[in-house]
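Protein chains in written order, with the UniProt record's numbering: chain H, 1 to 326; chain Y, 1 to 258.
This report concerns only the one structure given below.
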Ligand SMILES: Nc1ncnc2c1ncn2[C@@H]1O[C@H](COP(=O)(O)OP(=O)(O)OP(=O)(O)O)[C@@H](O)[C@H]1O
Ligand SMILES: [Mg+2]
C-alpha cells in the first residue's frame, strides 16, 4: 500500500514534486504578492491624491458639505454640498434596479430554462452584445427618443396616480428622473441578465430532477430548485448593476435637468447625480471647484463601497443554506 | 392501496440511440422488485420510464405502454406531473435541496399539492421522517440545512421527501451505492417496512442486497455490443438466485461476467 513511487531519475515522486515546487512556485508567489502590493500602493496613492485635492476646497466651503443643496464652489464665498446629488444618485439607481432586476431575471430564466436551445444561444449572444454598447449611445437614445416618448405615459401616470407623491408635482417633463432611471435600467439589464443566466445554468441537474420527481411543473422546479440556488448570484449581479447605475455619468448627464432639490417626484423636470454633476461642471471649474467635485467623487466611492458590503452581508447571511457546500 | 404495474412492449430512446427494447413485465402491489444487470444495460433508463422522468432528457422518448392499475401512463391527456406525484423516486446520489432545511426538504412535495395547514404539514413531516428511520437523529435540528447531514442520513431524508407525498410506487436507483454498510442495512430494513404501504422497485449492483430485500428479480442484459438492453429473465428472487432458467443469468449472479 505505502510503496514509494520512484521516478526515472531515481528520486521519490514526493521529493521531485517538492523540488518542482521550489523551482516553479516561488517566483510565482513573489510575482503575485508583488502585483497585489503594487495594486494596493496605486490605490492608496490615488486616494491620498484625491483627499489632498479635496481638502482645500472643503476648507473654503461656507456651507455644510453634507447638507447644502447647491453647487457654487466658484463663487467668492464658495458654497456647495452633496445632499441633493447623493440622494439623486441613490434614488435614480434604486429605481433603475427595481425596474431592471425582475426583467433581467425573467430574461435569464427564459434563456436558461424555457427557450429552445437554438433560440437560447441567439438570445444569450444578444444580451452579451447589449452589455457591450457604450453608455453614450444609451444616453443619446434616451435624450433623442425616450425623453420625448415618455411625455405621454408620464402625463398618464400623473393624471391617474398623481395623488402618490412619486407621480405628483406641477409640471410633467420628458427629461425626468423616471426617464433617466429607465435609461439606467436598460443599461444595467444586460449585465444582470447575463450573470443571472450563468448562475441559473449552474444549478445542478440533480436538484432539478429531485423537484421534477416530486411532480413539480417547470415553474415549480424554478421556484424550488433554481431560484433559491441562484439567489446569491442574482443579488451579486444586482449589486454590480446598482454600482454601475450609480457611477453612470454621460447618459444621465444628458438627461438630468441638473437641479438641486431632494424630491421623490419622478415625473417633474428635475434630477441630478454625483457623476452627472461632475461631468457637467468640470469644464468650468476653478481650483476650488475641482476640489469640490473630487470630494463629491469620494462620496460616490464610499456609497458604492457601502452598497457592496451590504450585498456581501446579505449573501453571507444564509451561507449554510447556499448550496455552496453541496 | 398500491396498484399493479403492467409494462408491455416498451422501447426507450436517447435521440436515435435505442437504449432498451421490448420490455414487458408485471409488478404486483406491495412487493419489492430488484433490477440487476451489467452496467449500461438500461436499468436506470427503464426505471425512469416508469415515472416519465426519462422524457425530461432532451431528445429522449419512449414507445410502448406502462399501465398503473390499468391506466396507461403514456396515454393521451395524462400529465407527466401527476404521474410523478403517484410514482416517487430516490436517486443514486442523495440530492436534498441545499437551500432548504431538513423540514422544508420533507415538506417540499407537499407544497406542490396545494395548501395545507401548518399542523398537518408538521404531522406529515414527522411521520415521513419516522417512516424513513431518520426522526430520532434529526428531530432536534429540523431547521438546519439538509445538506449538513451525512450521506446516509441525506439518502434517508430523500426517502422521507419521496414518501411524504404518499406515492403508490417508490422507484430507487442504486439508493445505497454511495453509502456505508450500516446505512445500507438501515435502508434495507426501511424498504422491508415500506413494502406494506408502497410498491418498491430498486436497481442494485449488489447481489446480496437483491437477494436480501426483493421478492422478484429482473435480470437485464444487452443483446450484444451496441444493441439495446432487454430483460433476459424475471422470476421470484429465490428462483433467480438458486435456479435461474437462463445461462446468462447464472453467469452474471455467480460473477462469471459483468
Ligand atoms: N442522458 C443520456 N444520453 C444519452 N445516452 C444515455 C443517457 N443516459 C444513458 N444513456 C445510454 O443508455 C444506455 C443505458 O444506460 P443506463 O444508464 O440506463 O444503464 P444502467 O443499466 O443504469 O447502468 P449502470 O448500472 O451503470 O447505472 C447506455 O448505453 C447509456 O450510454
Ligand atoms: Mg444506472
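Each residue gets a CB set at the ideal place from its N, CA and C atoms; glycine is no exception.
Enumerate in chain order the residues of its own chain whose CB-to-CB distance from residue 139 of chain H is below 8 Å, with the five nearest sequence positions on each side excluded. Excluding sequence neighbours, residue 139 of chain H sits near 183, 250, 251, 252, 253, 254 and 255.
Under 7 Å between C-beta atoms, does residue 212 of chain H make it to chain Y? Yes, its Cβ sits closer than 7 Å to a Cβ of chain Y.
Cβ shell of residue 22 of chain Y (< 7 Å), same chain only, five flanking positions each side left out: Excluding positions up to five away in sequence, the list reads 9, 11 and 230.
Proximal residues to residue 304 of chain H (C-beta, below 7 Å), its chain only, five neighbours per side dropped: Counting only Cβ-Cβ distances below 7 Å, and skipping sequence neighbours, we find 243, 246 and 247.
Just to confirm, does residue 263 of chain H get its C-beta within under 6 Å of one of the non-hydrogen atoms of ligand 1? No, Cβ of residue 263 of chain H sits at least 6 Å from all heavy atoms of ligand 1.
Any non-hydrogen atom of ligand 1 within 6 Å of residue 32 of chain Y CB: Checking the 6 Å criterion, the Cβ of residue 32 of chain Y is out of range of every heavy atom belonging to ligand 1.
Based on the DSSP output, what are the partners of residue 172 of chain Y in its beta bridges? Beta-bridge pairing links residue 172 of chain Y to Y:90 and Y:202.
Strictly under 7 Å for the Cβ-Cβ distance: is residue 258 of chain Y near chain H by that measure? Reliability of the predicted coordinates at residue 258 of chain Y is poor, the pLDDT of 47 falling under 50, and the value obtained from them is presented with this limitation in mind. Contacts with chain H at 7 Å (Cβ-Cβ) do not include residue 258 of chain Y.
Would you mind telling me which residues of chain Y sit closer than 9 Å to residue 209 of chain H, beta carbon to beta carbon, in chain order? Under a criterion of Cβ atoms nearer than 9 Å, the residues of chain Y adjacent to residue 209 of chain H are, in order, 53, 56, 89, 91 and 95.
Note the first and the last residue of the continuous alpha helix (DSSP H) segment covering residue 117 of chain H. Counting along the chain, the alpha helix (DSSP H) containing residue 117 of chain H begins and ends at 117-131.
Rounded C-alpha distance that separates residue 156 of chain H from residue 130 of chain H: Between residue 156 of chain H and residue 130 of chain H, the C-alpha separation is close to 30 Å.
Name all residues in chain order for which at least one heavy atom of ligand 2 lies closer than 7 Å to the residue's CB. Going by the Cβ distance cut-off, the answer is Y:43, Y:44, Y:92, Y:173, Y:174 and Y:203.
Mind pulling the alpha helix (DSSP H) runs of 4 or more residues that sit fully within the segment 175-228 of chain H? Runs of the alpha helix (DSSP H) inside the segment 175-228 of chain H: 177-201, 205-213 and 218-221.
Strand pairing of residue 229 of chain Y, partner residues [DSSP]: Bridge partners of residue 229 of chain Y: Y:20 and Y:222.
Which first and last residues belong to the beta strand (DSSP E) in which residue 11 of chain Y is found? Per DSSP, residue 11 of chain Y belongs to the beta strand (DSSP E) from 5-14.
Positions along the segment 211-245 of chain H whose CB lies within less than 7 Å of some CB in chain Y: Legend: CB atoms of the segment 211-245 of chain H lying less than 7 Å from CB atoms of chain Y belong to residues 212, 213, 214, 215, 216, 217, 220, 224, 225, 228 and 229.
Counting along the chain, where does the beta strand (DSSP E) carrying residue 61 of chain Y start and finish? Residue range 60-68 is occupied by the beta strand (DSSP E) that includes residue 61 of chain Y.
With distances taken Cα to Cα, identify the nearest neighbour of residue 150 of chain H among H:159, H:171, H:136 and H:176. Among H:159, H:171, H:136 and H:176, the Cα nearest to that of residue 150 of chain H belongs to H:176.
With 16 other CB atoms within 10 Å as the buried threshold, where does residue 243 of chain Y fall? Exposed.
Go ahead and pull the three-state DSSP assignment for residue 70 of chain H. Residue 70 of chain H falls in the coil class under three-state DSSP.
Cβ of residue 77 of chain Y within 7 Å of any chain H Cβ: Taking Cβ atoms only, chain H never reaches closer than 7 Å to residue 77 of chain Y, which makes this a no.
For residue 134 of chain H, the nearest candidate out of H:310, H:295, H:187 and H:216 (CA to CA): Selection H:310, H:295, H:187 and H:216 evaluated against residue 134 of chain H yields H:187 as nearest (Cα-Cα).
Mark residue 48 of chain H as exposed unless 16 or more other C-beta atoms lie within 10 angstroms of its C-beta, in which case mark it buried. So residue 48 of chain H ends up on the exposed side.
C-beta neighbour in chain Y for residue 206 of chain H, strict 7 Å: For residue 206 of chain H, the answer is yes, since a Cβ of chain Y falls inside 7 Å of its Cβ.
Return yes when the C-beta of residue 41 of chain Y is under 6 Å from any heavy atom of ligand 1, and no when it is not. Closer than 6 Å to some heavy atom of ligand 1: that describes the Cβ of residue 41 of chain Y.
Note down the Cα distance separating residue 297 of chain H from residue 74 of chain H, rounded to an integer number of angstroms. Between the alpha carbons of residue 297 of chain H and residue 74 of chain H lies a gap of roughly 17 Å.
Residue 108 of chain Y touches chain H at which residues, Cβ-Cβ below 9 Å? The CB of residue 108 of chain Y comes closer than 9 Å to the CB of 210, 211, 214, 216 and 224 in chain H, given here in chain order.
Within 7 Å (strictly less), CB to CB, does residue 85 of chain Y reach chain H? For residue 85 of chain Y, a Cβ of chain H is located within less than 7 Å of the residue's own Cβ.
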